[in-house]
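Only one structure is covered here, and it is reproduced in the block below.
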Amino acid sequence: MRLQGKTAVITGGGRGLGEAMAKLFTENGARVITCDMAESRSGYENEEFYQLNVTDPQACKAFTEYAVERYRKIDILVNNAGITKDGMTRKMTDEMWNAVIAVNLTGIFNLTRFIGPHMEDSGGGSIILISSVVGEYGNIGQVNYAATKAGVIGMAKSWAKEFARKGVPVRCNVIAPGYIMTDILKTVPQELLDKFAAATMLGRLGQPEEIAQAALFLASDDASYITGTVLSVNGGMRL
Ligand SMILES: NC(=O)c1ccc[n+]([C@@H]2O[C@H](COP(=O)([O-])OP(=O)(O)OC[C@H]3O[C@@H](n4cnc5c(N)ncnc54)[C@H](O)[C@@H]3O)[C@@H](O)[C@H]2O)c1
49 MRLQGKTAVI TGGGRGLGEA MAKLFTENGA RVITCDMAES RSGYENEEFY
99 QLNVTDPQAC KAFTEYAVER YRKIDILVNN AGITKDGMTR KMTDEMWNAV
149 IAVNLTGIFN LTRFIGPHME DSGGGSIILI SSVVGEYGNI GQVNYAATKA
199 GVIGMAKSWA KEFARKGVPV RCNVIAPGYI MTDILKTVPQ ELLDKFAAAT
249 MLGRLGQPEE IAQAALFLAS DDASYITGTV LSVNGGMRL
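FYI, the numbering for the sequence shown is 49 to 287, going by this note's numbering.
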């Protein structure tokens with residue numbers, strides 16, 4: 049019960065990594081508000097579903113007001129919602145570029161600009177941003193995605209400084225997952241997935257629960273002296 053009494057917001061928690069986090073966080077005593085633009089799925093005990101598109105700044109503001117009113121304090125924010133729109137640079141359209149920036153980068157700003165200051169004013173908190181092995185090493189056909197996933201590392205390091213500058217323990221860290229079996233990999237050919245698995249030291253792709261365990265650690269007080277850091281959870285992979 050490492051999150052007993054805490055309230056967590058998880059974006060993109062409708063499925064995949066975010067759902068695994070919602071499950072593990074609630075099992076560890078947290079109340080979880082799962083924000084996703086998709087329709088609600090059946091929830092876990094102590095989980096509330098809130099339909100939110102993180103690209104909408106006004107909706108993010110309204111959500112924060114609602115959550116603070118209802119739960120008084122938000123202790124944990126996991127900025128997990130993310131999309132891919134892959135293509136070689138010569139074929140990448142403005143739409144592909146802008147859509148990925150809007151969700152993966154601006155979407156994180158839209159929510160953290162309200163919840164970060166709330167944590168600062170209410171005694172502390174833990175903010176987690178989900179990057180990717182692609183943000184650390186780059187990848188062919190993913191310049192838009194790589195830009196956002198590298199960008200969130202700069203955002204997290206900036207917020208780790210900014211939100212803690214008055215001595216309030218607001219921590220901000222990044223998880224950079226390797227290739228994890230979720231719907232986001234649906235469009236990646238099996239041949240390429242096999243290649244990625246072979247490129248890890250552990251010789252396999254990851255499971256959503258393995259990212260959720262890393263998030264649980266960073267969200268919990270066990271990580272009380274960890275901020276401004278990137279935790280790579282990728283089986284020892286270098287792209
Ligand atoms: N699975 C992987 O291999 C992997 C690797 C590295 C990083 N990541 C990152 O982890 C995060 C989660 O990925 P996943 O594999 O669970 O993906 P997923 O596609 O299975 O789930 C993403 C969720 O985000 C939601 N979402 C998308 N756009 C949204 C928006 N505008 N507002 C609110 N919700 C939105 C979707 O509805 C979906 O439920 C993403 O940021 C992704 O880039 C995933």
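Where is the CB? At the ideal position from N, CA and C, for every residue including glycine.
Rounded C-alpha distance that separates residue i from residue j
i, j, result
"residue 221", "residue 139", "34 Å"
"residue 55", "residue 195", "31 Å"
"residue 161", "residue 151", "15 Å"
"residue 223", "residue 178", "5 Å"
"residue 145", "residue 156", "16 Å"
"residue 260", "residue 137", "32 Å"
Helix, strand or coil at residue i according to DSSP, with G and I counted as helix
i, result
"residue 87", "coil"
"residue 99", "strand"
"residue 173", "strand"
"residue 159", "helix"
"residue 146", "helix"
Heavy atom of ligand 1 within 6 Å of residue i beta-carbon
i, result
"residue 206", "no"
"residue 180", "yes"
"residue 169", "no"
"residue 228", "yes"
"residue 85", "yes"
"residue 125", "no"
"residue 128", "yes"
"residue 200", "no"
"residue 131", "yes"
"residue 142", "no"
"residue 232", "yes"
Minimum C-alpha distance to residue i - residue among the options
i, options, result
"residue 133", "80, 189, 87, 112", "189"
"residue 201", "66, 171, 127", "127"
"residue 101", "184, 60, 149, 199", "60"
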